[in-house]
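J.:
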Amino acid sequence: MRELLRDRLVLTGLVLVVLTAALIAFVASSALPTAHPLLGVVTYSLLPAFFAAGAIIFYLAVQRESRKTR
195 MRELLRDRLV LTGLVLVVLT AALIAFVASS ALPTAHPLLG VVTYSLLPAF
245 FAAGAIIFYL AVQRESRKTR
């Protein structure tokens, strides 16, 4: 596991997933006093796209590292 965390691509994907999940939780739980028209675009389009991209990067980097160790 420690070897996986040394790879920059794995860390990039992991950080992207964690930060995006935190942003989704923050945006979903924040109660804005007024409606903001772009909040839906960010919440339902951009953040899930970044989450999926981070998850894909993380998965592919882990696969690459596991092939290296074989």
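The opening residue of the sequence shown carries number 195 in my numbering; numbering runs sequentially from there. Positions of the beta carbon are idealized from the N, C-alpha and C atoms, including for glycine. Small disclaimer: the values here were computed from a predicted structure and weren't measured.
I'd like to check one pair, Thr214 with Leu241: are the Cβ atoms closer than 8 Å?
T.: yes
J.: The alpha helix (DSSP H) that contains Ala249, what's its start and end?
T.: Leu241 to Thr263
J.: Measure the C-alpha to C-alpha separation of Arg261 and Ala255 and round it to an integer number of angstroms.
T.: 10 Å
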